[in-house]
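Structure, rendered in structure tokens:
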């Protein structure tokens, strides 16, 4: 791609000035439309060092109201970021609906740098590219406009510019060591960039090359392309997106109606086992901390199924400095304005830590599906999107344990009634719980579909039979211990 | 992709029967919706020999009304097809709006077979893949639903099936030599198929793998996926598609207003040159015929600019057995129901032949743009689509000569008036001509943009200054002779 690219003629200075005036006005004019249509716009500035990415970015944002954009300069990942999945630091910075985010350097920079330094194996590099393609596609599927610019200059031009910058004391700081390295290994860089650009030149987020021989000309290209892409995205109403086929290995799972709920444990057996298992878990917690293995525990289940009590029996065994419980309620406005997985990316644990989610990203295919909070196309796509999300976590090294806490309808009624009749439990029961109960059959259908479609081999569902809460707690502990144990053996 | 693919669990026989009944009804039910929404649906059956593509296809179409679908079995290209561009035989068979086309084997079969036989060089193969990606993207951009199935069976299963088919006299004919070759070189095929599938797994037309261990199960997967894809496509109203950046080398061209129209030739000079040039062209016609070089000549220009007379002076030099003139009027219904380039693909010459187009595919960015016959997004995309189209022709080996026949507004008025006042010329002038004349400025803007954006190095525009028709005729002959001459030298 980069190798074949032929730059067009540069217009006359006069024409550039004229068109730039128009394009700047047009871009400024699009801000309100973006806001009204709640379009999130992610703009990426990649390219050669010294090509003028920073100064053009500076020019472009001058036309915009500061309330409508953010800029991000991402150099090396921080120590904290290195402890999260590769995409984490990008995902948490995606724009809000109705706003711009400008990235001065993106994930391209990170992965191609590593590649050029010979720090990544072929296999890992390939996996990174797959991750990036999925990331960009998911953004697009979820209504994001992603515009990617590659600022291009020739080897000679780059050399000249770096020398000029270095000669001048006030600009010398702008030249990184890396820029000089690039220029010395220009041909090698072209090879790597070309492969990267070709592979990630997806239809939903294609690359635009910016002929960067002059700043003003580059600004014009960027501004005109931005306006054009925004206009297309704003037209794009009522879109529906292809639902991709599952390509992950799935485990066969029972339907909820097939699960025997008569499993119990004696009081004495419960107390004894609880002590033993909690001690075992406490020990494992130390070991994963030392080995920097992240653990993600997801709880879903019927209202009054006993999630809260179950979680308590896990956390009782854990060192409070090494875990966090995230109760998930309706999304807040700033969450609603983003990709639905954004709020979970934000809550990922550091490596060596445990995150427990009390309700999860699976809300997309349960409550959001049934209450019409997203379109049919949205939740149908979500199974694959979620599997991709969990695959990212798995590749990062996480142990993922997903619990479905199961009870039958009668047990729920008994617990609801008990809650209503016991003053100190009344806060636990709301009108919404009763309304949800009326939709039991619809939920059961959705849960069955969810469990079938998202029990991947790397992150299967585990059913906790919870008519007897004690039984469910012991099973949760055993499952978690077994899963962590498996991962420790692999390491 | 193929290497990593993990097939899911096969449902119980009972469940398959149940779901198949539903899916067949659903598919049949979609026929009217497809027709009403004018959705064209292209369905591709690729995969291993003996995997059951043919029999599943037979089952699927049983549910459909024969008026709503066509099936295509494309084995080897015919001699006639070998004389056209590679994509020709596929492009001419794309479905009409509101109808299905089912392909039993597609372009995948053709290019991977050649690849496996070692008949294509890396570079050519790569170019084929690029062509295919563009082809499929263009279909999708233009409102086509493209669904691609790959029928997968294991090496062992394929062996077993081929043996069974061969043992039985009534089915032995179904086993091709190629199927046996495939099975013997299964691993090698996997390598090639995997690369092909990965490369062509575009978001707009992704691959669906069909687990083909049982016919009924395969039919169920195909039918359910078809229904799902159709439902998404039917939802997809008001879509707008990204306009890709030009990546072809462009020549710098003048604006119409910059063209000097005072060029003339004396009557005596004209007659003399005409004779010489026509003799030269006649000679070249023989040579391109022998060398099998196709020539495509495109005429666009203002009403009354003198296209007709210009074309006559070319054809007078040509052997009638070796050329064809295509006058292009408004598209007929069957053309309107297809991709706008379809009617031009259908009119491509054989190699060694000349096709002259009196008005062309550039209608998309002139009359269709100005009269609102297509959306803004459609014509903005068209520059790139047309460049891609001409690149296909060029890669096939064609000489492409595009003429813009230019006159000024006064000359047009004089000629219109003359036509109106001369009884034997009155058929040449219509109310529409006068209406178009009123839009001169808008047309001029569109033509300028067209000439700037589609003067690729492999197919640039040539301006014929035609205030003096004689001058324009001589220039057309000279240009054509020069362009053919260049190509003959290269060969």
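Chains as they are written, first to last, in this note's numbering: chain G, 7 to 497; chain F, 7 to 497.
Glycine included, each C-beta is placed from N, C-alpha and C at the ideal position.
For the candidate residues the options, whose alpha-carbon lies nearest to that of residue i?
i                     : options                   : result
residue 156 (chain G) : G:325, G:13, G:430, G:283 : G:13
residue 35 (chain F)  : F:309, F:237, F:92, F:179 : F:237
residue 355 (chain F) : F:102, F:249, F:10, F:304 : F:304
residue 232 (chain G) : G:48, G:479, G:348        : G:48
residue 70 (chain G)  : G:275, G:41, G:328        : G:41
residue 132 (chain F) : F:202, F:180, F:144       : F:202
residue 402 (chain G) : G:93, G:145, G:18, G:488  : G:93
residue 300 (chain F) : F:33, F:494, F:369        : F:494
residue 76 (chain G)  : G:67, G:83, G:7           : G:67
residue 482 (chain G) : G:195, G:320, G:194       : G:320
residue 186 (chain G) : G:7, G:56, G:430          : G:56
residue 130 (chain G) : G:398, G:412, G:37, G:465 : G:398
residue 65 (chain F)  : F:226, F:18, F:87, F:337  : F:226
Count the other C-beta atoms from every protein chain shown that fall within 10 angstroms of the C-beta of residue i, then say buried if there are 16 or more, exposed otherwise.
i                     : result
residue 436 (chain G) : exposed
residue 359 (chain F) : buried
residue 423 (chain G) : exposed
residue 90 (chain G)  : buried
residue 433 (chain F) : exposed
residue 307 (chain G) : buried
residue 128 (chain G) : exposed
residue 333 (chain F) : exposed
residue 418 (chain F) : buried
residue 114 (chain F) : buried
residue 9 (chain F)   : exposed
residue 446 (chain F) : exposed
residue 79 (chain F)  : exposed
residue 174 (chain G) : exposed
residue 117 (chain F) : buried
residue 282 (chain F) : exposed
residue 415 (chain F) : exposed
residue 440 (chain G) : exposed
Thinking residue i and residue j are a contact (beta carbons under 8 Å), I'd like their distance in whole angstroms, please.
i                     : j                     : result
residue 389 (chain G) : residue 484 (chain G) : Contact flag wrong, Cβ pair sits at about 28 Å.
residue 271 (chain F) : residue 474 (chain F) : 7 Å
residue 361 (chain G) : residue 330 (chain G) : 6 Å
residue 254 (chain G) : residue 462 (chain G) : 5 Å
residue 83 (chain G)  : residue 73 (chain G)  : Going by Cβ atoms, the distance from residue 83 (chain G) to residue 73 (chain G) rounds to 29 Å, so no, they are not a contact pair.
residue 302 (chain G) : residue 138 (chain G) : Between residue 138 (chain G) and residue 302 (chain G) the Cβ distance is about 22 Å, and since that is not below 8 Å, they are no contact.
residue 158 (chain F) : residue 215 (chain F) : 5 Å
residue 477 (chain F) : residue 313 (chain F) : About 15 Å; that fails the 8 Å criterion.
residue 279 (chain F) : residue 211 (chain F) : Actually they are not in contact, since the Cβ atoms of residue 279 (chain F) and residue 211 (chain F) sit about 52 Å apart, beyond 8 Å.
residue 241 (chain F) : residue 352 (chain G) : The pair is not a contact, with the Cβ atoms about 31 Å apart (cut-off 8 Å).
I need the straight-line Cα distance from residue i to residue j, nearest angstrom please.
i                     : j                     : result
residue 318 (chain G) : residue 490 (chain G) : 19 Å
residue 123 (chain F) : residue 224 (chain F) : 29 Å
residue 198 (chain F) : residue 59 (chain F)  : 20 Å
residue 452 (chain G) : residue 496 (chain G) : 34 Å
residue 286 (chain G) : residue 309 (chain G) : 29 Å
residue 190 (chain G) : residue 85 (chain G)  : 29 Å
residue 200 (chain F) : residue 62 (chain G)  : 42 Å
residue 228 (chain G) : residue 218 (chain G) : 10 Å
residue 177 (chain F) : residue 221 (chain F) : 16 Å
residue 150 (chain F) : residue 381 (chain F) : 16 Å
residue 372 (chain G) : residue 409 (chain G) : 15 Å
residue 162 (chain F) : residue 15 (chain F)  : 19 Å
residue 275 (chain F) : residue 259 (chain F) : 28 Å
residue 262 (chain G) : residue 235 (chain F) : 29 Å
residue 444 (chain F) : residue 311 (chain F) : 16 Å
residue 349 (chain F) : residue 110 (chain F) : 24 Å
residue 375 (chain G) : residue 393 (chain G) : 17 Å
residue 316 (chain F) : residue 21 (chain G)  : 36 Å
residue 442 (chain G) : residue 449 (chain G) : 8 Å
Validate contact between the stretch 198 to 217 of chain G and the stretch 145 to 161 of chain G using beta carbons, cut 8 Å, 3 pairs: Contact between the stretch 198 to 217 of chain G and the stretch 145 to 161 of chain G is present: 3 or more CB-CB pairs across the two stretches fall below 8 Å.
Cβ contact check for the stretch 339 to 352 of chain G and the stretch 99 to 117 of chain G: 3 or more pairs under 8 Å: Short answer: they touch.
The stretch 159 to 178 of chain F contacting the stretch 459 to 473 of chain G, beta-carbon criterion three pairs below 8 Å: Taking a cut-off of 8 Å for Cβ pairs, the stretch 159 to 178 of chain F and the stretch 459 to 473 of chain G do not touch, as fewer than three such pairs fall below it.
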